[in-house]
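Beneath this line is the structure, given in structure tokens, with notes to follow.
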Amino acid sequence: MTKKILVTRHVYPEAIELLQGCGELEYHDSSSGLDRDTMLRAVADKQAVVCQLTDPMDAEVMDAAPELKVIANVAVGFDNIDVAAATERGIVVSNTPGVLTDTTADFAFTLLMAAARRVTEAERFLRDGRWQQWEIDMFSGQDINHHTLGIYGLGRIGRCMARRATGFDMRVIYHDAVRADYDEQLGLKFVDKETLFRESDFVSIHVPLNDETRHCVGAPELALMKPTAILINTSRGPVVDELALAQALAEKRIAGAGLDVYENEPTVSPELLALDNLVMAPHIASASVKTRTRMCVMAAENAAAVINGERPPNPVNPEVL
Ligand code: GLV
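Quick note on numbering: the working numbering labels position 93 of the sequence shown as 73, and the sequence is numbered without any gaps.
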């Protein structure tokens, strides 16, 4: 019997080529996604869904898809998917780990540098025609070299961020739920959460979003930070209490922030938009052509493997296999 595959949004064409060889494709080649009713109808006869982080895949969607075998997310994060519900129904969930690690760490470091040296603020000033003269303290920012980077969550991306920091002669400390046994080899120092926020000149967040990490950076953590410190978030918006951050930035209790992710994407709190002392990007940390192409292909490979009765390379819930 021909297998039916749903691709919910526009993806790089290499993924479509791969999927075309595996079954009958319903491809929504648009970035706007499916409204709820269309999604519920579209999944009804599908064995595989290739979806993105903007597609909520909950129990209702799964119940509308009695033949569904795999949900292949084009992202490393999978907080848009109710994995427990999928597991209960024997549906494999897969993600795209590894391929975006370097690209995402590159961008976290880009935000760190841009926020430290006030790059976007200075560019706005120049483009607005406000530059009249060279001044000794114009857009003076924070040094990166020989300062302390605190990594909150030492997973793949956190480790990559640490490697970049050593090239800038930074001291690197980290906090994670468990201490890594290789940390000293990498020159990293494990500290408790309070010490991380208190001692770091830059805190970069690299934890996944789940019940334990939602708002795990809020007013109490921000209050521990130095007035010269900068917060970087390339993980998921709801990990940070956005309004508490806006308040700390507005009151200059911390020097700045570099954000790629927000609590209610694509809406960004007006409280953040009103501020100058932060650099903001629209959730693009993994967005190089090469990496995004590889993510799409990887999701397609996971979907294809499951519907062909093979073990997918990147299951999130391997217990269902
Ligand atoms: C992007 O945010 C991802 O999780 O891959």
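All C-beta atoms in this analysis are idealised placements derived from N, C-alpha and C, irrespective of residue type, glycine included. Note that the structure is a prediction, hence the values are computed from the model and not measured.
With a contact defined as Cβ atoms closer than 8 angstroms, N297 and T67 qualify at about 5 angstroms. In the three-state DSSP reduction, T128 falls in the strand class (E or B). Counting only runs of 4+ residues, the alpha helix (DSSP H) found wholly inside the stretch 2 to 68 occupies 16 to 22, 39 to 43, 63 to 68, in chain order.
In the three-state reduction of the DSSP assignment, K(-16) falls in the strand class, which pools E and B. For the pair H8 and R21, the CB atoms are not nearer than the 8 angstroms cut-off. Here T18 is exposed. Its C-beta has fewer than 16 other C-beta atoms within 10 Å. Per DSSP, R151 is one residue of the beta strand (DSSP E) stretching across 151 to 155. Three or more beta-carbon pairs separated by less than 8 angstroms link the stretch 189 to 208 to the stretch 222 to 239, which places the two stretches in contact. Counting every other CB atom within 10 Å of its CB across the protein chains shown gives V269 a total below 16, marking it as exposed. In terms of Cβ geometry, L80 and V56 form a close pair [threshold 8 angstroms]. Sixteen is the threshold: when 16 or more other Cβ atoms of the shown chains lie within 10 Å of the Cβ of Q27, as they do, the residue is buried. Of the other Cβ atoms in all chains shown, fewer than 16 fall within 10 Å of the Cβ of L106; this residue is therefore exposed. Using a Cβ-Cβ distance cut-off of 8 angstroms, the stretch 190 to 203 and the stretch 212 to 226 are in contact, since at least three pairs of beta carbons, one from each stretch, lie closer than that value. Separation of the CB atoms of V50 and V72 is rounded to 5 angstroms, and the pair is thereby assigned contact status at 8 angstroms. Approximately 5 angstroms separates the beta-carbon atoms of V30 and A279; this is inside 8 angstroms, confirming the contact. Within the same chain, A96, R97, R98 come within 7 angstroms of G121 by CB-CB distance, once the 5 residues on both sides are set aside.
Under the three-state reduction of DSSP, K270 is assigned to helix.
Only residues of its own chain outside the window of five on either side were considered, and among them M141, S184, I212, T214 have a CB closer than 6 angstroms to the CB of A88, listed in chain order.
The beta carbons of G138 and Y154 sit about 7 angstroms from each other, so the pair counts as a contact at 8 angstroms.
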